[in-house]
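Student: Quick note: to get my numbering, add 1313 to the position in the sequence shown (first position is 1).
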Amino acid sequence: NDKENFVKYSTALRDTARRRIERLGSADLVVGIPCYNNDETIHHVVNAIETGLSQSFSKMRSIAIVSDGGSVDDSRDIANAVEVTPWVERMVMIYRGIPGKGSAVRAIFEAAEIVRAKAILIFDADLRSISPQWVKAMAEPVLDDGYDFVAPYYKRYKFDGTITNHIVYNLTRALYGYRIRQPIGGDFACSLSLVKKYLDHEVWETDVGKFGIDIWMTTMAMVESCKVCQSHLGVKIHDARDPAEALGPMFRQVVTTLFLLMEQNYDIWREVKQSRSVPIIGTEPNVEPEPFEINAGKLLEDFQLGISHFGPLWESIFGPEKFSELKRLASVKDATEVHFPSDFWIRLLYDCAITFHRWTKDKYKLVQMVTPIFFAQVASFVNEARELSNAEADQLIEKQAQRTEELKPYLIEQWGKSPVQQRTAAGT
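#1: Please say whether A1425 and I1433 have beta carbons closer to each other than 8 Å?
#2: Check each candidate in V1585, S1621, T1475, I1334 and name the one with the smallest Cα separation from R1641.
#3: When you compare only the Cα positions, how much space is there between M1373 and L1342?
#4: For V1320 and L1507, I'd like the C-alpha separation in whole angstroms.
#5: What first and last residue would you give for the alpha helix (DSSP H) that runs through R1716?
#6: Within 10 angstroms of the Cβ of T1475, are there 16 or more other Cβ atoms? Answer buried if so, exposed if not.
#7: If you count every other CB in all the chains shown that lies within 10 Å of the CB of T1439, and 16 or more means buried, which is it?
#8: Whole beta strand (DSSP E) runs in the segment 1460-1537 with 3 or more residues, listed along the chain?
#9: From F1743 to H1670, what distance separates their C-alpha atoms?
#10: Span of the beta strand (DSSP E) holding I1376?
#11: Which term fits H1514, buried or exposed, when burial requires 16 or more other beta carbons within 10 angstroms of its beta carbon?
#12: Sort H1356, W1400, E1396 by Cα distance to A1340 and report the nearest one.
#13: Can you check which of these residues, L1488, Y1467, E1628, is closest to Q1577 by C-alpha distance?
#14: What does the alpha-carbon distance come out to for the pair F1548 and A1706?
#15: If you follow the beta strand (DSSP E) that Q1543 is in, where does it begin and where does it stop?
#16: Assuming I1427 and I1526 make a contact with CB atoms under 8 Å, what is their CB distance in whole Å?
#17: Beta-carbon separation of P1445 and G1499 under 8 Å?
#18: Answer yes if the segment 1441-1461 comes into contact with the segment 1531-1551, meaning at least three C-beta pairs across the two stretches below 8 Å, and no otherwise.
#19: Short of 7 Å in beta carbon distance, which residues of its chain neighbour T1596, apart from the five on each side in sequence? Order them along the chain.
#20: Looking only at its chain, what residues have a beta carbon closer than 8 Å to the beta carbon of I1497, apart from the 5 residues adjacent to it on each side?
#21: Using 8 Å for Cβ pairs, my map puts D1328 next to I1391. What's the rounded Cβ distance?
#22: Within this structure, are the beta carbons of W1627 and L1639 separated by less than 8 Å?
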């Protein structure tokens, strides 16, 4: 009962923010911006959103909410200083709860529920390419076409979005049967009915409140059989980071949440036999993303370091045959020699999910220990796609996603086996 009461009465809204929202009465649109130390980009994001609301939805009542995690830079001051836009109410507030994007989103959702908004949009605070058109593109499918969940559809450089391209898109498509190309895109729109479902889940005081919120929301929209679409936004430019330097923590956070959701939704995804396309709304903008380099040598070094540190664990997870192949791959002298066959990578990914399901110790630590294998897969893809166009590289991702679907029976077969049976099968 204590737990139920805690969940029931906990909130991400501070009292002053709640009172101000209640005084507003009602609104048609709520656009939220989760923010933490984004003083370099927050002005542009707030201005683009409010301009979009003013240009496209001037007859509606709109609220733009900066949901801040206690930034120690000038983010809140800069957001408040953006020139006032007609017909748009602005709130800059600090949320309550555990630090993270999930808690920021929860505060926005609670505000939207209070004012009974017809559509709720979320945009990341580090976006450099957001334009007023993005607001229209994301809101209209909810307002005009009755969609419950709108995922972004970006044009991205072939080496951008590596976690999406090699893990999240593949698994969400194979598991739940929706071809949502950017399941963790960070920017999305949803209906009030879906927001209420989100708020009813007892996840906000868990790690979802810290990280993993994007994949959780996308998964819940699929599990709840909501009306889902994607919307063309064009190129996404944000504070991109080299996977060799900065994507390790993101990998661990997203994959941990993804695997936890696999455990919770096993009865649903085991019955899904094939995927279906998801509508893409709007016209694809005629723009191309800027290229950037990935330090494949650093990725190989991290992989080689990983096999030296975690070799015995990897052998117990994947079996002697796959581990022997991992050792062979780690023995190369040059990053340009790394090549993961697609089926090999997919089976490794499935083996990681199966082991996570059976792991009785620190599951987050397990994901951390297999992270270097992901780096090797990225290095392999860099080699394979180096001379390809973005469109050609995307076809490689599509083929890999299709193979992930085709190999799903392997996942289902191994999921229910004992650890001994699993290790035996992994080595054959």
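For glycine and all other residues, C-beta sits at the position ideal for the given N, C-alpha and C.
Tutor: By the coordinates alone:
#1: As a first step, residue 1433 must be located in the sequence shown, where it is residue number 120. As a first step, residue 1425 must be located in the sequence shown, where it is residue number 112. Closer than 8 Å, so yes.
#2: If you number the sequence shown from 1, residue 1641 lands on position 328. The shortest C-alpha separation from R1641 is found at S1621.
#3: Indexing the sequence shown from 1 puts residue 1373 at position 60. Indexing the sequence shown from 1 puts residue 1342 at position 29. Each residue's Cα considered, the two are about 7 Å apart.
#4: Mapped onto the sequence shown, residue 1320 falls at position 7. Mapped onto the sequence shown, residue 1507 falls at position 194. Unreliable placement is indicated for V1320, whose pLDDT of 43 sits below 50; no coordinate value is reported for it.
#5: For the purposes of this step, residue 1716 is identified with residue 403 of the sequence shown, where counting begins at 1. Per DSSP, R1716 belongs to the alpha helix (DSSP H) from 1703-1719.
#6: As a first step, residue 1475 must be located in the sequence shown, where it is residue number 162. By the 10 Å Cβ count, T1475 comes out buried.
#7: Here residue 1439 corresponds to residue number 126 of the sequence shown, with the count starting at 1. Sequence check: residue 1439 is Asp here, not Thr. Buried is the call here.
#8: For the segment 1460-1537, whole beta strand (DSSP E) runs of length 3 or above, ordered along the chain, are 1462-1468, 1501-1504.
#9: One cannot answer for residue 1743 here, as it falls past the ends of the chain, which runs 1314 to 1741.
#10: Sequence index remark: in the sequence shown, residue 1376 carries index 63 (1-based). Here the beta strand (DSSP E) through I1376 covers 1375-1381.
#11: By 1-based counting over the sequence shown, the position of residue 1514 is 201. The residue is exposed, with fewer than 16 neighbouring Cβ atoms inside 10 Å.
#12: Here residue 1340 refers to the residue found at position 27 when the sequence shown is read from its first residue. Of the candidates H1356, W1400, E1396, the one whose C-alpha sits nearest the C-alpha of A1340 is W1400.
#13: As a first step, residue 1577 must be located in the sequence shown, where it is residue number 264. It is L1488.
#14: Translated into the one-based positions of the sequence shown, residue 1548 becomes position 235. Translated into the one-based positions of the sequence shown, residue 1706 becomes position 393. The residue you asked about is not Phe; residue 1548 is Val in the sequence shown. Taking the CA atoms as reference points, V1548 sits about 16 Å from A1706.
#15: Start at 1 with the first residue of the sequence shown, and residue 1543 comes out as number 230. That run of the beta strand (DSSP E) goes 1541-1548.
#16: Position 114 of the sequence shown, counted from the first residue, corresponds to residue 1427. Position 213 of the sequence shown, counted from the first residue, corresponds to residue 1526. With a Cβ gap of about 20 Å, I1427 and I1526 do not count as contacting.
#17: Within the sequence shown, the letter at position 132 stands for residue 1445. Within the sequence shown, the letter at position 186 stands for residue 1499. 8 Å or more divides the Cβ of P1445 from the Cβ of G1499.
#18: yes
#19: Translated into positions along the sequence shown, residue 1596 becomes position 283. Around T1596: H1545.
#20: Looking up residue 1497 in the sequence shown gives position 184. Excluding positions up to five away in sequence, the list reads I1476, T1477, V1481, D1527, I1528, T1531, V1567.
#21: Position 15 of the sequence shown, counted from the start, is the residue given in the question as residue 1328. Position 78 of the sequence shown, counted from the start, is the residue given in the question as residue 1391. Incorrect: roughly 25 Å between the Cβ atoms, too far for contact.
#22: On the sequence shown, position 314 is the one that residue 1627 refers to. On the sequence shown, position 326 is the one that residue 1639 refers to. Yes.
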